[in-house]
Amino acid sequence: MSSQELYDEIPSLDLADFTSGDPVRKEQFVQDLGRAFNQIGFVAIKNHGLTDDLTRALYDSAQAFFSAPDELKQKYEHPELHGQRGYIGKGKETAKGFKVADLKEFYHIGQPEPEDGMPANVLPAEFPAFGEATLTAYRTLENAGKQLLRAIALYLKLPETYFDDKVRNGDSILRALHYFPLDPDTTPDGAVRAAAHGDINLITLLMGASADGLEVLRRDGKWIGITALPDQVIVNVGDMLDRLTNHKLKSTIHQVVNPPREKMNQSRYSIPFFMHPRAEMDLTSLESCIDAEHPKLYVDMTAGEFLDERLRELGLKK
Numbered sequence: 001m002s003s004q005e006l007y008d009e010i011p012s013l014d015l016a017d018f019t020s021g022d023p024v025r026k027e028q029f030v031q032d033l034g035r036a037f038n039q040i041g042f043v044a045i046k047n048h049g050l051t052d053d054l055t056r057a058l059y060d061s062a063q064a065f066f067s068a069p070d071e072l073k074q075k076y077e078h079p080e081l082h083g084q085r086g087y088i089g090k091g092k093e094t095a096k097g098f099k100v101a102d103l104k105e106f107y108h109i110g111q112p113e114p115e116d117g118m119p120a121n122v123l124p125a126e127f128p129a130f131g132e133a134t135l136t137a138y139r140t141l142e143n144a145g146k147q148l149l150r151a152i153a154l155y156l157k158l159p160e161t162y163f164d165d166k167v168r169n170g171d172s173i174l175r176a177l178h179y180f181p182l183d184p185d186t187t188p189d190g191a192v193r194a195a196a197h198g199d200i201n202l203i204t205l206l207m208g209a210s211a212d213g214l215e216v217l218r219r220d221g222k223w224i225g226i227t228a229l230p231d232q233v234i235v236n237v238g239d240m241l242d243r244l245t246n247h248k249l250k251s252t253i254h255q256v257v258n259p260p261r262e263k264m265n266q267s268r269y270s271i272p273f274f275m276h277p278r279a280e281m282d283l284t285s286l287e288s289c290i291d292a293e294h295p296k297l298y299v300d301m302t303a304g305e306f307l308d309e310r311l312r313e314l315g316l317k318k
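Residues 1 to 318 in the UniProt record's numbering are what the sequence shown spells out, letter by letter.
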């Protein structure tokens with residue numbers, strides 16, 4: 001494979017190959033995952049632990065919550081938490097470098113066992129099923145994320161458990177997103193459901209969304225559409241992992257485009273899990289990822305400092 005291979009679709013991998021106990025399958029998974037993250041920054045993964053029943057419960061309960069009147073949802077809005085927990089209303093988040101806010105509302109669930117001053121979760125009392133499903137999904141995706149980070153560690157020739165202590169009770173976020181129906185005649189110019197952006201975190205695990213729209217920017221400047229099969233989660237590299245590996249693993253720009261005019265009146269639901277390390281993790285680029293061909297790109301900082309900088313850029317922190 002040339003170093004400049006361009007994918008027309010993202011590779012599909014099976015996490016069971018990594019956890020199988022078979023060293024050959026495990027090593028193949030490590031290499032396939034690493035190559036995809038080096039080339040396009042995205043893969044589709046099956047056998048991640050989410051069941052069909054849990055996925056259905058999650059989407060049904062999210063839909064129920066987002067269908068509630070705004071005044072009920074706003075009870076769970078906590079500006080002092082900078083959008084890190086609870087409800088974040090329409091027009092609150094603007095992608096870095098954009099003037100118009102994204103056309104979405106969302107709900108954040110954080111670490112179920114918070115420590116070191118992390119905020120506790122804010123769960124809507126009126127929708128107990130939503131709190132229950134999101135917490136179960138959080139734990140399931142956190143577990144899958146830990147396995148994927150072990151594979152990434154091996155690809156980078158680090159000890160397999162390199163990331164374990166760095167993500168233990170980490171600052172990860174499960175985001176239940178509602179892209180609300182749009183009126184084509186009143187949608188602001190330039191506003192899209194999610195403008196082109198890179199993710200902040202180490203890796204993102206995205207459950208199959210309820211509708212199309214996700215696109216990834218290929219190295220040659222072409223946008224390619226991504227649709228997960230029902231049993232897959234889409235996993236992509238975030239900016240923190242990109243920094244740690246000096247851009248060896250690529251955090252790729254992606255967006256959620258508005259649907260065709262005849263479908264603009266439909267809601268789209270999406271539930272990404274943003275895997276974050278603990279705030280004190282050092283993101284200084286690994287020595288093994290720096291050489292004459294790949295000079296060091298990034299200034300040294302911790303995960304907490306980097307997150308703080310990005311939240312300000314997004315308008316969630318003043």
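Idealized CB from N, CA, C, for every residue including glycine. Keep in mind the model is a prediction, meaning the values are calculated, not measured.
Spatially closest choice to residue i from the options, by CA coordinates
| i | options | result |
| --- | --- | --- |
| Phe66 | Pro119, Pro277, Tyr269 | Tyr269 |
| Leu297 | His78, Ala62, Arg243, Gly304 | Arg243 |
| Leu123 | Val192, Leu182, His78 | His78 |
| Gln31 | Ala153, Gln74, Pro272 | Ala153 |
| Gly190 | Lys222, His178, Gly97 | Gly97 |
| Ala228 | Asp8, Ser12, Leu241 | Ser12 |
| Gly117 | Gln266, Leu135, Gln84, Lys99 | Gln84 |
| Glu93 | Thr136, Glu280, Val192 | Val192 |
| Thr55 | Val233, Leu249, Ala292 | Val233 |
| residue 348 | Lys263, Lys250, Leu50, Ser285 | Coverage of the chain is limited to positions 1 through 318, which leaves residue 348 absent and any answer about it impossible. |
| Ser172 | Pro114, His197, Lys90, Ala57 | Pro114 |
| Glu59 | Thr134, Pro295, Leu6 | Inspection of the sequence shows that residue 59 is occupied by Tyr rather than by Glu. Ranking Thr134, Pro295, Leu6 by Cα distance to Tyr59 puts Thr134 first. |
| Asp231 | Asp52, Asp8, Lys26, Glu9 | Asp52 |
| Val256 | Ala95, Leu72, Lys90 | Ala95 |
| Gly208 | Ile226, Glu262, Glu313 | Ile226 |
| Met275 | Leu149, Pro295, Arg218, Ala57 | Leu149 |
| Ala16 | Ser288, Arg25, Glu9, Asn121 | Arg25 |
| Gln74 | Pro295, Tyr107, Thr245, Asp212 | Tyr107 |
| Val299 | Thr136, Arg218, Thr245 | Thr245 |
Straight-line gap, residue i to residue j (C-alpha atoms, nearest Å)
| i | j | result |
| --- | --- | --- |
| Glu105 | Pro260 | 20 Å |
| Tyr76 | Tyr138 | 19 Å |
| Pro23 | Asn47 | 18 Å |
| Leu202 | Gln111 | 15 Å |
| Gln28 | Val237 | 19 Å |
| Arg35 | Pro69 | 46 Å |
| Tyr87 | Glu126 | 14 Å |
| Val167 | Thr186 | 43 Å |
| Thr252 | Ile40 | 7 Å |
| Met1 | Thr204 | Reliability of the predicted coordinates at Met1 is poor, the pLDDT of 38 falling under 50, and the value obtained from them is presented with this limitation in mind. Cα-Cα distance, rounded: 26 Å. |
| Ala195 | Phe42 | 18 Å |
| His141 | Ala101 | Note on identity: in this sequence residue 141 is Leu, with His being the wrong assignment. Computed Cα separation, rounded: 28 Å. |
| Gln147 | Thr161 | 9 Å |
| Ala62 | Asp183 | 22 Å |
| Asn258 | Pro159 | 43 Å |
| Gly21 | Asp14 | 13 Å |
| Pro188 | Asp165 | 45 Å |
| Thr19 | Tyr155 | 15 Å |
| Ile290 | Lys157 | 14 Å |
| Gly170 | Ala279 | 8 Å |
| Leu6 | Glu305 | 34 Å |
| Leu103 | Pro181 | 9 Å |
| Pro119 | Glu293 | 42 Å |
| Ala163 | Glu309 | Sequence check: residue 163 is Phe here, not Ala. Going from the Cα of Phe163 to the Cα of Glu309 covers about 23 Å. |
| Leu72 | Gly89 | 11 Å |
| Ser285 | Asn265 | 45 Å |
| Gly91 | Gly315 | 10 Å |
| Glu287 | Glu9 | 32 Å |
| Asn121 | Asp212 | 30 Å |
| Arg312 | Gly198 | 15 Å |
| Met281 | Ala303 | 5 Å |
| Ile109 | Arg218 | 31 Å |
Sheet register partners of residue i (DSSP bridge)
| i | result |
| --- | --- |
| Ala44 | Ser12, Ile234 |
| Pro112 | Paired residue(s): none; Pro112 is not in a bridge. |
| Leu174 | Ile109, Phe273 |
| Leu206 | Ile234, Pro272 |
| Gly225 | Glu215 |
| residue 319 | The question about residue 319 has no answer here: the residues shown for the chain are numbered 1 through 318. |
| Tyr179 | Arg268 |
| Thr302 | Asp282 |
| Val122 | Per DSSP, none; premise fails for Val122. |
Cβ-Cβ separation, residue j to residue i (assumed contact under 8 Å), whole Å
| i | j | result |
| --- | --- | --- |
| Leu214 | His254 | 6 Å |
| Pro277 | Met240 | 7 Å |
| Leu283 | Ala151 | Contact doesn't hold; Cβ gap of about 20 Å is too wide. |
| Ile200 | Leu81 | Actually they do not touch by this definition, with Cβ atoms about 16 Å apart. |
| Leu206 | Asn38 | Actually they do not touch by this definition, with Cβ atoms about 20 Å apart. |
| Ile45 | Val216 | Actually they are not in contact, since the Cβ atoms of Ile45 and Val216 sit about 15 Å apart, beyond 8 Å. |
- Item | the region 266-282 / the region 175-190 touching (three or more Cβ pairs under 8 Å) | yes
- May I ask you to verify whether the region 130-144 touches the region 219-226, counting CB pairs closer than 8 Å and requiring at least 3? no
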